[in-house]
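For reference, the structure is listed below as structure tokens.
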Amino acid sequence: MVKTDVQGISAGDIKNKHKREDIYHRQKAEKAKAKRERRLQIKKEEDKNPELKETRLKNNVPKTIDNTREKEDTFVEDDEEVAQEEATDEFAQYFSGQTPKILITTSKRATPACYDFCAEVMSIFPNAQFVKRGEKHEMRKIIQFAKNREFTDMMIVNEDNKTPNAITLVHLPDGPTAYFKLTSITPADKISGHGRPTAHQPEIILNNFNTRLGHTVGRMFSALFPQLPEFEGRQVVTFHNQRDFIFVRRHRYVFKDTERVGLQELGPKFTLKLKWLQKGTYDRNGEYEWIFKQEMETSRRKFFL
Amino acid sequence: MLKSSSLSSHCAWSPISSSEIVQPVEKKRVTIFSFYSNFFAFWPPIHFQIMRYFTGDESGLVKSIVFPAPVDEKRVKKQKPAEENDEDKQKEAPKLQINVFGTVSKDEGVEKMAWAVIDDQKQLIVARKNGKIQFMSPEDGSIIKEMVDENICVGPKKEGSFIGLSFKDGMLFTASSNGQISWTDMKSDPKSTTVIASLGKDLTCARVHPSKSHILAVGGKERELTVYDMNVLSGKEEDTTPAPTNTENSTAKYKKQKESSKGQLFQAKNVKNDYLDLRVPVWITDLQFVDEEANRLVTATHYHQIRVYDIKTARRPVLDVEVGNKPIKRISVGINDNQILYADTTNDLGAIDIKTGKIVAQYKGLTGAATAFCTTTDNANNSKIVVSVSLDRFLRIHETTSIHRKLLNKAYLKQRLTAIIVDEDHYVEEPAKKDVDEEDDALWNNMTVTSSKRKNRSS
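Just so you know, the protein sequences line up as chains D and S, in that order.
At position 5 of the first sequence (counting the first as 1) the number is 5 in full-length UniProt numbering, and the numbers step up by one without a gap.
At position 439 of the second sequence (counting the first as 1) the number is 439 in full-length UniProt numbering, and the numbers step up by one without a gap.
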């Protein structure tokens, strides 16, 4: 083949397949070569002058869905009124010293898969008790029993087709009720290199709960754990909210030196998505403070938590 | 002073006392038409009517909200670069005006709000969770008068909440959910409300007719709709309904003598048994009067039924429809006498035609249950709008003219809202339109003032 300059030619107009292929691949190779040279040049310049690299990185921040998120009116930003209201909301008792006591139960006629998940969830929360769900009592009665025995929270794991698929979290005396869709459950055994959890009280990390609704949900999660973590256990439970999905993970951390941390994953990992938040305890006919409906999904960049 | 009819043909102002003028949205004072300042001593400010909304919430705060007037579309100037335009627009974007009255306190949550006209002054009545009734000034939230309804929040379990509040002709009407109806004469400046009747427990709503304020309707859980005449209940008038003439076979004579039916104008009868021949349970969650003569009433039930009663025609409802499958919590009068707005426990807010019983509108955009809503007229274009306030902490305004029922405006109010009331007679000083002024200002300032107007014709 005669080596000609292939820059100005449009490979798509050539009818001869061999020629067309040849021209196209050569054009592609030339483009890649030019790009490589350009990048090499930039690297040389930046090795000499690191400031250039900083300015380049600063100017070329890629747009992601997370950083082009639609601004919500309900973002909480250092607002005194919101802070005052939060100080007197349903979780105020917890934040002034009440120890949490959690009751875990399932929907009716649960299968072993559900019980396995409940056993793992029990290990996450210190001070949690499991009660098998019976046929006799309806939810309203069960909530009354829990209140009488001074439980602070109740978690109902719902099951469908032999897999747990939802969690209803009821904060007792008369707190809000949140219903989460439960997905991507991985039990501890299936995590390679997992560690064994101990009974120490973990630290909590709540990431990215920005809006007022997010604050309520975040406070609900933090009210499930005792206020003072035991640092010698080096355990941490993370509730990471990203795009309205809450990722729940459990780790044991170790500081290798002042800058590096090693993490070993413990316990189950699962994902939650808030479906609705009801004011008051769980009531089929109670009023909803927030309910997710398909019509609310107006844009890819709109999130509620 | 010259009458500048060509310049000011659109402005119509009326004498306003200084206490009614609210601070204009933009605080900058712009010098107007320096050329014309030769002729005018001052340029009179333009007043126009704008809606003001008062909301009450669970934390006891009362907020007044004024939405900015919609900004007119500016013609894009070719000379100015695009960035400058955006900056100007950002600076001039009119802000939502929110005034907060009160401090955060969950015990003083607002349950009901109403207007009162006392001595030609419009006052706002706020009924709170702990039984306090406050008369506030709508301008600055100062409490003019405070009273207590002793039947609210009674006992260790704090039973009793406000289910009705209204004020007309110097009489304050309040009702509590444990059945105590109070009709207080405000002339004597009382500290607590005077109870005129005790109608039993489990009431969920009590309303008086907007113009005939002695007619009261109540309903509750297993309490059928009953209409009373408060003049008779309070003893002001004697029972004027004639005694039944034929007393041989009817028990009406004995019924009339019963204490509980004293003052009753109408007692509804439950609908017929359902298709399984079972009694249909009764649980009225909200009711409204829908006509001037107090003959028609609409009730909404916990079993998602909407019923229309005609007092003069029949004891059973004239119309009985099922709407959705969630309990209907509140209803309100719609854009005309034939429509009512309803809201259930989820985020549905809709309108029903009570002649046909069909849903005619859905107001979308709510994410939580609507707790209070009403229709009012938007003065700017004389159209009806629906104002709603919900548990998701937003105040929303929907238009009703087009089929889209678009969300015109919403305001984030940070608290779970429980009550809304509209101030339609609110006047605001319009800030003079600045864009045109600034340009023309520069134009006029740059021009040199000539001594003679006529061009010198002579060479």
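Beta carbons are placed, not taken as given, at the ideal position from N, Cα and C, and that holds for glycine.
{"Asked": "Euclidean distance between Cα positions of Gly-179 (chain S) and Asp-337 (chain S)", "Found": "29 Å"}
{"Asked": "Strand pairing of Ser-383 (chain S), partner residues [DSSP]", "Found": "S:Asp-378"}
{"Asked": "Leu-228 (chain D), buried or exposed, once every other Cβ within 10 Å from all chains shown has been counted against 16", "Found": "exposed"}
{"Asked": "Beta-carbon gap between Leu-395 (chain S) and Leu-413 (chain S) smaller than 7 Å", "Found": "yes"}
{"Asked": "CB of Phe-167 (chain S) within 7 Å of CB of Lys-112 (chain S), strictly", "Found": "no"}
{"Asked": "Pairwise C-alpha distance: Ala-146 (chain D) and His-69 (chain S)", "Found": "Per the sequence presented here, residue 69 (chain S) reads as Ala, with His not at that position. Going by the C-alpha atoms only, they are around 52 Å apart."}
{"Asked": "Status (buried if at least 16 other CB within 10 Å, exposed otherwise) for Asn-347 (chain S)", "Found": "buried"}
{"Asked": "DSSP state of Val-418 (chain S) mapped onto helix, strand, coil", "Found": "The displayed chain sequence assigns Thr, not Val, to residue 418 (chain S). Note: Thr-418 (chain S) maps to strand in three-state DSSP."}
{"Asked": "C-alpha distance - Thr-356 (chain S) paired with Leu-274 (chain D), whole-angstrom precision", "Found": "38 Å"}
{"Asked": "C-beta atoms of Val-280 (chain S) and Asp-274 (chain S) nearer than 7 Å", "Found": "yes"}
{"Asked": "Alpha helix (DSSP H) segment containing Gly-214 (chain D), residue limits", "Found": "212–222"}
{"Asked": "Proximity test, Cβ basis, 7 Å: Asn-285 (chain D) and chain S", "Found": "yes"}
{"Asked": "Secondary structure of Lys-147 (chain D), DSSP reduced to three states", "Found": "helix"}
{"Asked": "For Met-171 (chain S), three-class secondary structure by DSSP", "Found": "strand"}
{"Asked": "CA-to-CA distance, Ile-359 (chain S) to Ile-352 (chain S), given in whole angstroms", "Found": "4 Å"}
{"Asked": "Beta carbon of Leu-266 (chain D) nearer than 7 Å to that of Pro-197 (chain D)", "Found": "yes"}
{"Asked": "Contact list for Tyr-288 (chain D) against chain S, beta-carbon separation under 8 Å", "Found": "Thr-345, Thr-346, Asn-347, Gly-368, Ala-369 and Leu-391"}
{"Asked": "Buried/exposed call for Met-447 (chain S), threshold 16 Cβ in 10 Å", "Found": "exposed"}
{"Asked": "Bounding residues of the alpha helix (DSSP H) (the contiguous stretch that carries Val-121 (chain D))", "Found": "112–124"}
{"Asked": "Gln-23 (chain S) classed as buried or exposed, judged by whether at least 16 other C-beta atoms fall within 10 angstroms", "Found": "Since pLDDT at Gln-23 (chain S) reaches only 47, below the 50 mark, its modelled position is unreliable, and the value read off the structure follows with that caveat. Burial call: exposed."}
{"Asked": "Neighbour-count burial assignment, Val-254 (chain D), 16 or more Cβ in a 10 Å radius", "Found": "exposed"}
{"Asked": "Inter-residue Cα distance where the pair is Thr-68 (chain D) and Ile-118 (chain S)", "Found": "53 Å"}
{"Asked": "Rounded separation between Cys-205 (chain S) and Ser-332 (chain S) - CA only", "Found": "13 Å"}
{"Asked": "Interface residues of chain S facing Val-217 (chain D) [CB-CB closer than 9 Å]", "Found": "By Cβ distance, chain S contributes nothing, its closest Cβ being about 14 Å from Val-217 (chain D), past 9 Å."}
{"Asked": "Buried or exposed (CB count within 10 angstroms, at least 16 for buried), Arg-284 (chain D)", "Found": "exposed"}
{"Asked": "Segment limits, alpha helix (DSSP H) that includes Glu-224 (chain S)", "Found": "No alpha helix (DSSP H) contains Glu-224 (chain S), which is instead part of the beta strand (DSSP E) from 223–229."}
{"Asked": "Interfacial residues, the region 68–84 of chain D to chain S, with Cβ spacing under 8 Å", "Found": "Asp-73, Thr-74, Asp-79, Glu-81, Val-82 and Gln-84"}
{"Asked": "Residue from D:Val-61, D:His-251 and D:Thr-74 whose Cα sits closest to the Cα of Thr-238 (chain D)", "Found": "D:His-251"}
{"Asked": "Contact with chain D by Lys-112 (chain S), beta-carbon distance below 7 Å", "Found": "no"}
{"Asked": "Beta-carbon contacts of Thr-375 (chain S) that lie in its chain and below 8 Å, excluding the five residues immediately before and after", "Found": "Ser-332, Val-333, Gly-334, Ile-335, Leu-341, Lys-384, Ile-385, Val-386, Val-387 and Thr-400"}
{"Asked": "Cutoff 7 Å: Thr-168 (chain D) Cβ touching any chain S Cβ", "Found": "no"}
{"Asked": "Backbone secondary structure at Asp-162 (chain D) - three-state DSSP", "Found": "It is worth fixing the name first, because residue 162 (chain D) is Lys in this sequence and not Asp. If DSSP states are grouped into helix, strand and coil, Lys-162 (chain D) belongs with coil."}
{"Asked": "Bridge partner(s) assigned by DSSP for Asp-353 (chain S)", "Found": "S:Gln-339"}
{"Asked": "Outcome for residue 467 (chain S) when other beta-carbon atoms lying within 10 angstroms are tallied against a minimum of 16", "Found": "Residue numbering for chain S in the displayed model covers 1 to 459; residue 467 (chain S) lies beyond these limits and cannot be assessed."}
{"Asked": "Near-chain D residues of the region 120–135 of chain S (beta-carbon distance less than 9 Å), N- to C-terminal order", "Found": "none"}
{"Asked": "Rounded separation between Gly-155 (chain S) and Thr-168 (chain D) - CA only", "Found": "33 Å"}
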